[in-house]
Every structure is written in C-alpha cells, then in structure tokens.
Amino acid sequence: MNDVIEKLSSDVHDGWWDEKRKQGFHAPLDCPNVVASYNKWNSNCDKCHTDMYPYNELPDNIKEYDRVTVRSVLLSLSRYIASIAIVGETDDETTTA
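Written as structure tokens, this is what we have:
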C-alpha cells in the first residue's frame, strides 16, 4: 500500500505544481532574481516556491503534505463507496419484497 500512496502522492504533487505554475510561481533555481536563485530551498522572491521540485527531490517532511492529502482522499472515498453500497443494498431489499 505504501508504494501506491507514494505514486499517488507524486501525482498529487505534480498537479499542485502545475496549478502553481499557472499562477506564475516558479522554483527558486528558476528565478530571474539572481539572489533568490542562489539557494534551492530558500528565496526572497514573492513568486518563488521552495516546493516546486520533482517529488523525488523533496525532503521527506514536505512529501508528507502530499501523503496526508492522498490518505485523506482514500479514506473519504472508502467511506463514500461504503455508504453507496449500503444504500444500494437497502434499495435492492425494498424492490424485491
């Protein structure tokens, strides 16, 4: 299951990164401001975001944000699917009676 969570977390991070890019953000190393681009994990530029790197290059504590999102969505989906199954069983019982 951890492999699935890591893959989904990477996909979530990619989606987040695409959205940030559309909003005009960039990684510090891609910053036109020479001072901001000096450090990969630090920046003073308003449009630099220190998490805009491939998932596999992120520190573990930053990856955890994406993992939490994935776990939360999976839990929510499992509850939602279970509630649909319960409603479906109830509907089947009333139509066959």
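In terms of my numbering, the sequence shown is residues 1440 to 1536. Here a beta-carbon is modelled for each residue, glycine too, at the ideal position from N, C-alpha and C.
With burial defined as no fewer than 16 other Cβ atoms inside 10 Å of the residue's Cβ, what is the status of residue i: buried or exposed?
i: Leu-1497; result: buried
i: Pro-1471; result: exposed
i: Pro-1493; result: exposed
i: Glu-1509; result: Note on identity: in this sequence residue 1509 is Val, with Glu being the wrong assignment. Val-1509 comes out buried.
i: Ser-1517; result: exposed
i: Ser-1448; result: buried
i: Ala-1475; result: Annotation note: pLDDT 48 at Ala-1475 (below 50); position unreliable, coordinate value reported separately. Flag for Ala-1475 reads buried.
To the nearest angstrom, how far is the alpha carbon of residue i from that of residue j?
i: Asp-1490; j: Ala-1466; result: 7 Å
i: Asp-1450; j: Asp-1485; result: 25 Å
i: His-1452; j: Asp-1499; result: 13 Å
i: Glu-1458; j: Leu-1513; result: 22 Å
i: Tyr-1519; j: Ser-1511; result: 12 Å
i: Lys-1502; j: Arg-1460; result: 18 Å
i: Asp-1442; j: Arg-1506; result: 11 Å
i: Gln-1462; j: Cys-1487; result: 11 Å
Check for me: the alpha helix (DSSP H) holding residue i runs from which residue to which?
i: Lys-1446; result: 1441-1461
Bridge partners for residue i per DSSP, in chain order?
i: His-1465; result: Cys-1487
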